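Okay, so here's the structure we're looking at.
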Amino acid sequence: MTVTWVNKAGARRQRTGLVREQGITSMNFQGTGSFEGLSADAIEELLDRTPGLIPEVGEKTPGKIRIWREQIVSFRDDMEVGHRILTPLPGDEGFAIAVVVGPYEYRSTLDEERASHTRRVEWSKKVLGRTDLRDGLYEQLQRPGRTVYRPRKNNAQARLKNLEID
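Pasting the structure below:
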């Protein structure tokens, strides 16, 4: 089964244009360097001691750091070539669709854009609109508090697989 992930490209979708232009999906975490080869515990320690990680989310708390660690490990280790990415578009226009074509990479050249943790993807020209997502699926794809996640509630993966979005 094709696995689908959501990656929001910024809390306010501010990096949507950048990731599509660059052929990537990305995560923030400016100033950390690469997560390659780090254990989950080492990532958590790094997040805890790195200042200014994600200014728009306010104060770092142990709970936020745990959630960030989980997202990083998922992005780096669980997301695989062939998996599908849905990225919400600005202005509630729907979701851009991509397929993962490369492994986790750290790109220091994208640190200023707050998009240095990347995976290469191929973006589709097709957009998944709100009307394509029924019975609470649209709302599930807008999950607050997470940037990268696999929608799971209410059989979401199977329902997404049944949509003709490739």
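Reading the sequence shown from the start, the letters are residues 1321 to 1486 in my numbering. Glycine included, every Cβ here is placed at the ideal spot set by N, Cα and C. Since the model is a prediction, treat every value here as computed from it, not as a measurement.
- Residue ranges of uninterrupted beta strand (DSSP E) with 3 or more members, entirely inside the stretch 1376 to 1451 and ordered along the chain, are 1404 to 1408, 1415 to 1426 and 1437 to 1448.
- The beta carbon of Trp1388 lies closer than 7 Å to those of Leu1367 in the same chain, with the five residues before and after it left out.
- Secondary-structure assignment with DSSP links Asn1475 through no beta bridge to anything.
- When the beta-carbon positions are compared, Pro1408 and Val1326 come within less than 9 Å of each other.
- Looking at the DSSP output, Tyr1469 bridges to Val1326.
- Asn1348 is classed as buried because its beta carbon has at least 16 other beta carbons within 10 Å across all chains shown.
- DSSP places Thr1352 in the coil class of the three-state scheme, outside both helix and strand.
- Approximately 4 Å separates the beta-carbon atoms of Gly1414 and Gly1449; this is inside 8 Å, confirming the contact.
- The criterion of a C-beta distance shorter than 9 Å is satisfied by Gly1422 and Arg1440.
- Around the beta-carbon of Glu1442, fewer than 16 other beta-carbon atoms lie within 10 Å, marking it exposed.
- When secondary structure is reduced to three states using DSSP, Thr1345 falls in the strand class.
- Going by DSSP, Leu1453 is part of no alpha helix (DSSP H) at all; its letter is neither H nor E.
- For Gln1462, no alpha helix (DSSP H) run applies, since DSSP gives it neither H nor E.
- Straight-line spacing of the CA atoms in Glu1364 and Lys1380 works out to 12 Å.
- Here DSSP, grouped into helix, strand and coil, assigns Gly1337 to helix.
- The C-beta distance from Ala1360 to Ser1346 rounds to 20 Å, too long to fall under 8 Å, and the pair is not in contact.
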